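First up is the structure itself, then whatever we jot down about it.
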Amino acid sequence: MFYSKLGQFFVDKKWDAEASIRWSKVTCRGIKSYILINGIALWGSIVFLGITGGSLFLKEKNISGKPTAPDLDIILVNLTLCVLGGFLYGYLTWTLNCLSDKHYKEKQFKL
32 MFYSKLGQFF VDKKWDAEAS IRWSKVTCRG IKSYILINGI ALWGSIVFLG ITGGSLFLKE
92 KNISGKPTAP DLDIILVNLT LCVLGGFLYG YLTWTLNCLS DKHYKEKQFK L
């Protein structure tokens with residue numbers, strides 16, 4: 032029920048025939064490819080670079096005034112969280128786009 036209403040919200044906002052055609056081409060490649068490319072590789076890597084770069088840039092200097100070496104554990108935690116976040120982003124956008132396409136096609140069929 033929740034997904035149905037959420038999908039309907041997105042259909043009313045942006046979905047049209049052109050978007051439906053583009054989405055059908057994306058679905059031919061499959062969910063794994065979509066999550067890997069759009070979720071992890073694009074969104075996850077951009078967030079990882081931003082968070083890690085920002086944390087290294089803002090990292091406090093030690094008492095001697097020299098910058099400290101980046102902590103490997105912080106980088107690994109950032110990497111893990113960004114990969115998981117990218118997976119969730121990819122999965123949620125896939126789900127919402129499928130629902131939007133479904134509602135658009137149902138709406139067109141009723142007309």
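Per the working numbering, residue 32 is the first one in the sequence shown, and the count goes up by one each step.
Where is the CB? At the ideal position from N, CA and C, for every residue including glycine.
Computed from a predicted model, the values in this text were never measured in an experiment.
Next on the checklist: Would Ile62 and Trp125 qualify as a contact pair, given that the criterion is a beta-carbon distance under 7 angstroms?
Outcome noted: Taking C-beta atoms as the reference points, Ile62 and Trp125 count as a pair closer than 7 angstroms.
Checklist entry - Sorted by chain position, which residues of the same chain lie with C-beta nearer than 7 angstroms to Val78's C-beta, five sequence neighbours on each side aside? => result Cys113 and Gly116
Checklist entry - Would you call the CB atoms of Ser51 and Tyr135 closer than 7 angstroms? => result yes
Checklist entry - Ends of the alpha helix (DSSP H) at Trp54? => result Ala48 to Arg60
Checklist entry - So Ile66 packs on Phe118, CB below 8 angstroms; how close in whole Å? => result 6 angstroms
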